[in-house]
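Okay, structure first, notes after.
Number of protein chains: 2
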Amino acid sequence: MVEPSLVLYGALYERAMGVLEEALRETGARYALLIDRKGFVLAHKEALWAPKPPPLDSLATLVAGNAAATQALAKLLGEARFQEVVHQGERMGLYVDEAGEHALLLLVFDENAPLGKVKLHGKRAAETLARIAEEAIANPPKLNLDTEYREGAKALLDELFGN
Amino acid sequence: MVEPSLVLYGALYERAMGVLEEALRETGARYALLIDRKGFVLAHKEALWAPKPPPLDSLATLVAGNAAATQALAKLLGEARFQEVVHQGERMGLYVDEAGEHALLLLVFDENAPLGKVKLHGKRAAETLARIAEEAIANPPKLNLDTEYREGAKALLDELFGN
Numbered sequence: 000m001v002e003p004s005l006v007l008y009g010a011l012y013e014r015a016m017g018v019l020e021e022a023l024r025e026t027g028a029r030y031a032l033l034i035d036r037k038g039f040v041l042a043h044k045e046a047l048w049a050p051k052p053p054p055l056d057s058l059a060t061l062v063a064g065n066a067a068a069t070q071a072l073a074k075l076l077g078e079a080r081f082q083e084v085v086h087q088g089e090r091m092g093l094y095v096d097e098a099g100e101h102a103l104l105l106l107v108f109d110e111n112a113p114l115g116k117v118k119l120h121g122k123r124a125a126e127t128l129a130r131i132a133e134e135a136i137a138n139p140p141k142l143n144l145d146t147e148y149r150e151g152a153k154a155l156l157d158e159l160f161g162n
Numbered sequence: 000m001v002e003p004s005l006v007l008y009g010a011l012y013e014r015a016m017g018v019l020e021e022a023l024r025e026t027g028a029r030y031a032l033l034i035d036r037k038g039f040v041l042a043h044k045e046a047l048w049a050p051k052p053p054p055l056d057s058l059a060t061l062v063a064g065n066a067a068a069t070q071a072l073a074k075l076l077g078e079a080r081f082q083e084v085v086h087q088g089e090r091m092g093l094y095v096d097e098a099g100e101h102a103l104l105l106l107v108f109d110e111n112a113p114l115g116k117v118k119l120h121g122k123r124a125a126e127t128l129a130r131i132a133e134e135a136i137a138n139p140p141k142l143n144l145d146t147e148y149r150e151g152a153k154a155l156l157d158e159l160f161g162n
């Protein structure tokens with residue numbers, strides 16, 4: 000099963016949400032997402048005034064897939080990968096920035112958010128989120144699978160497969 | 000066989016080359032390419048000072064593929080497609096703009112080319128190239144396959160397959 004490469008919980012999650020909220024306030028963007036490179040949403044925040052967002056899971060999956068797919072393109076230009084990608088449609092735009100090695104920051108903005116602000120505050124938010132992601136990787140949530148659990152599971156499996 | 004969706008030749012090709020040359024001069028970019036949406040290079044130009052470019056065919060294929068792949072992403076945001084995409088690496092950047100319905104303009108730039116200039120002059124060049132591409136589509140090169148050729152080919156095929 001594919002699992003997120005990092006999990007945010009407790010204080011780290013709250014800090015990430017604070018950063019996303021500030022990014023929305025400073026840039027005027029509609030939605031802010033922190034996702035991992037596999038496409039899992041780690042945290043997301045919507046502006047109060049923003050209309051109902053598109054399915055954020057799909058958005059995260061497509062963006063993570065696209066970021067991985069552009070790696071061949073980056074290598075052609077002699078880069079390991081692209082740090083920042085801006086997609087601009089007629090009204091809506093999408094700003095994607097690296098939040099460290101494992102995560103990406105997404106900002107969805109419309110024509111009311113100046114791109115300069117989106118990029119400036121997006122970059123800052125991505126840097127803070129990169130540190131938060133690093134902390135989360137360094138301190139993964141502990142699973143309480145103790146010896147007793149392991150022995151029990153082993154006995155059950157042995158019974159099941161008659162071994 | 001996959002064929003380019005449009006072909007530039009003669010005066011149209013010269014005009015396209017002129018636009019690419021001007022775009023390089025105005026933006027300070029390294030390489031300028033006009034490609035169709037299938038990934039064929041229609042015209043390309045390198046700045047005199049620029050180092051040897053990466054394989055342009057591969058670049059065109061990857062960019063066209065990526066542009067097609069982001070359509071799902073654009074639709075999620077309520078757009079038909081993205082008009083403009085900027086990929087920014089540590090040193091190198093890639094600017095992709097729609098040159099009408101059938102073609103894309105690519106500008107490869109390094110840290111010496113200000114992004115503002117790349118976008119401003121890139122957008123202008125893309126608009127001119129869109130008109131050139133439209134003309135090329137409206138006046139496709141004529142194939143001189145006359146009645147005699149058709150009859151001859153038919154007879155040959157009949158002979159070959161004994162029909």
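Chains U and B supply the protein sequences, listed in that same order.
The first sequence begins at 0 in numbering that gives the first Met the number 0 and counts up by one.
The second sequence begins at 0 in numbering that gives the first Met the number 0 and counts up by one.
Even for Gly, the Cβ is constructed at its ideal location relative to N, Cα and C.
- When the five nearest sequence neighbours on each side are left out, the beta carbons in the same chain lying within less than 8 Å of the beta carbon of B:LYS118 are those of GLU83, VAL85, TYR94, in order along the chain.
- Identification of chain U residues near B:GLU78 by a Cβ-Cβ cut-off of 8 Å yields GLY88, GLU89, ARG90, MET91, ordered along the chain.
- Cβ-Cβ distances below 7 Å link U:THR127 to VAL18 in the same chain, with the five nearest sequence neighbours on each side left out; the list follows chain order.
- Between the region 38-53 of chain U and the region 6-26 of chain U there are three or more inter-stretch CB-CB distances shorter than 8 Å, so the stretches are counted as touching.
- In the three-state reduction of the DSSP assignment, U:GLN87 falls in the strand class.
- Within chain B, the residues placing a beta-carbon under 7 Å from that of U:GLU83 are GLN87, ordered along the chain.
- Residues of chain B with a Cβ closer than 7 Å to the Cβ of U:PRO53 are, in chain order, LEU75, LEU76.
- If you check the CB distance, B:GLU78 and U:ARG90 come in under 8 Å.
- For chain B, the residues of the region 53-71 of chain U that bring a beta carbon within less than 9 Å of one of its beta carbons are PRO53, PRO54, SER57, LEU58, LEU61, VAL62, GLY64, ASN65, ALA68, THR69, ALA71, in chain order.
- With a contact defined as Cβ atoms closer than 8 Å, B:GLY88 and B:THR60 miss out at about 19 Å.
- Secondary structure of B:HIS101 (DSSP, three-state): coil.
- Look at B:ALA31 here: in three-state DSSP terms it is strand.
- The region 63-72 of chain U makes contact with the region 52-71 of chain B, as at least three CB pairs between them are under 8 Å.
- The three-state reading of DSSP puts B:LYS141 in coil, since its state is none of H, G, I, E or B.
- Within chain B, the residues LEU76 have their CB atoms less than 8 Å from the CB of U:VAL107, given in chain order.
- In the three-state DSSP reduction, U:PHE81 falls in the coil class, being neither helix nor strand.
- Note: U:PHE108 is bridge-paired with U:GLY92 in the DSSP secondary-structure output.
- According to the DSSP secondary-structure assignment, B:ALA42 is paired through a beta bridge with B:LEU33.
- B:ARG36 and B:HIS101 do touch by the CB rule: their CB atoms are close to 6 Å apart, below 8 Å.
- B:ILE34 is the residue among B:LEU47, B:ILE34, B:LEU75 whose C-alpha sits nearest the C-alpha of B:SER57.
- Of the candidates B:ASP109, B:ALA132, B:LEU5, the residue whose Cα lies closest to the Cα of B:THR26 is B:ASP109.
- Excluding the 5 residues flanking it on each side, B:LYS141 has no same chain C-beta neighbour closer than 6 Å.
- In the DSSP assignment, B:GLY161 falls outside any alpha helix (DSSP H), carrying neither H nor E.
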